[in-house]
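Participant: According to the numbering used here, the sequence shown is numbered sequentially starting from 3.
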Amino acid sequence: LKITILGTGSATPSLIRNPSAQVLDDDHGIYLIDCGEGTQNQLIKNKIKLTKLKNIFISHLHGDHYFGLIGLISSLNLAQRNEPLNIFGPKGLSQIIQIQLKYSQTFLNFKLTFIEIDTYKVQNIFENEHITISTLPLIHRVPCSGFLFIEKPKKRSIIAEKLPKKIEPHEILTLKNGNNIYDLNNKIIYNFQEFTTEPPLPKKYAYCSDTAYSEAIIKHIIGIDLLYHEATFRNDLAERAKKTLHSTASDAAKIAQKAEVKKLIIGHFSSRYHELDVNLNEAQSIFENTFLAIENETYNI
Ligand SMILES: [Zn+2]
Ligand SMILES: [Zn+2]
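1) Only counting runs of 3 or more residues, tell me where the beta strand (DSSP E) segments fall wholly within the segment 125 to 180, in order along the chain.
2) Across the segment 241 to 248 and the segment 278 to 287, are there enough close Cβ pairs to call them in contact, namely three or more that are closer than 8 Å?
3) Taking C-beta to C-beta, are T6 and N57 nearer than 8 Å?
4) Three-state secondary structure (DSSP) at V1?
5) For D36, name the three-state secondary structure that DSSP assigns.
6) Ligand 1 heavy atoms versus the CB of H67: any closer than 7 Å?
7) I'd like the span of the beta strand (DSSP E) that includes A208, first residue to last.
8) For I226 and E170, I'd like the C-alpha separation in whole angstroms.
9) Give every residue of the same chain whose Cβ lies closer than 6 Å to the Cβ of D27, excluding the five residues on either side of it in the sequence, and list them in chain order.
10) May I have the straight-line CA-CA distance separating N217 from Y209, to the nearest angstrom?
11) Return the CA-CA distance between A214 and T234, expressed in angstroms with no decimal places.
12) Measure the alpha-carbon distance for R274 versus N20 and round it to whole angstroms.
13) Quick check on the burial criterion: 16 or more other C-beta atoms within 10 angstroms. Buried or exposed for S159?
14) Please work out which residues of its chain come closer than 7 Å, Cβ to Cβ, to T198, disregarding the five sequence neighbours upstream and downstream, and give them in chain order.
15) Out of K205, I183 and A81, which has the shortest C-alpha to C-alpha gap to Q195?
16) Anything with a beta carbon under 6 Å from a heavy atom of ligand 2 counts; list them all in chain order.
17) Verify the contact flag: H231, CB atom, against every heavy atom of ligand 1, threshold strictly below 7 Å.
18) Beta-carbon within less than 8 Å of I174's beta-carbon, same chain only, minus the 5 sequence neighbours each way: which residues are those?
19) Considering Cα atoms alone, identify which of L140, S16 and C37 is closest to L74.
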């Protein structure tokens, strides 16, 4: 799994940051998470192939998280897309987009499906053979949900140099699945432990933007590989964070620490901050393995 950050800003426009958007890539497909204004440009800049995009996840209906959506849909249509597109988001999103399509007389060449998410529940909303995606209820001024991405367990890895020459492909698959191969007398011919190694542990990633400090999410993200958590403000504006139902860098770090995640990335920075050293220091003083979200950077999970 890897994540490319397209936007790290919050609410008001900034010349140095784009609003929220990121792309998760699991080698089999890509998932767009939030789609603030300017996301299309960022997708082009990062050379992200939109033919691989089949699913979009919108956390909430504040503009900095979805104002880029109608533009992206229109462009996909102009590019003669035929592949279906699914958009997961809170109640109301479907209506907003449909009315824009209606009055611009845009008739789509592809099937667009909206899947309404319940932002108050932890629910599996997507699953294929490689990944499961569930909602993470957040606390914000409008219904808002984070997303938890969990890789499916992988098959065991074959130790190629140990494989006997006469082994059949279906037997290799049996070994990869962690099963032995027996002869007619039920005697083991090939022991899977001899020819394979443990698969890598499934990776886990959580996206939490926007939210007030909420310990309710901790139990769902225990020990995950990477947490992206919003950190709109610094400590000196902790009161403002509480009032607007946002987090400070310290809040994000406390969640990371309590959930014992492996790594924290903070983002969704207020446009009042140009330099982010202080934000990073505040978070690192609580949770050392914290990084700033940097636009156009890809992070391995
Ligand atoms: Zn926001
Ligand atoms: Zn918001």
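From the three backbone atoms N, C-alpha and C, an ideal C-beta is built for every residue, glycine too.
Facilitator: Reading from the atomic positions:
1) 126 to 129, 133 to 139 and 147 to 153
2) no
3) no
4) The structure shown has nothing for residue 1, since the chain only spans 3 to 303.
5) strand
6) yes
7) K206 to C210
8) 38 Å
9) K4
10) Reading off the sequence shown, one finds Glu at residue 217, where the question assumed Asn. Spanning the two alpha carbons is a distance of roughly 15 Å.
11) 10 Å
12) 14 Å
13) exposed
14) R158, S159, I160, I161, L177 and K178
15) I183
16) H62, H64, H142 and D212
17) no
18) I160 and L165
19) C37
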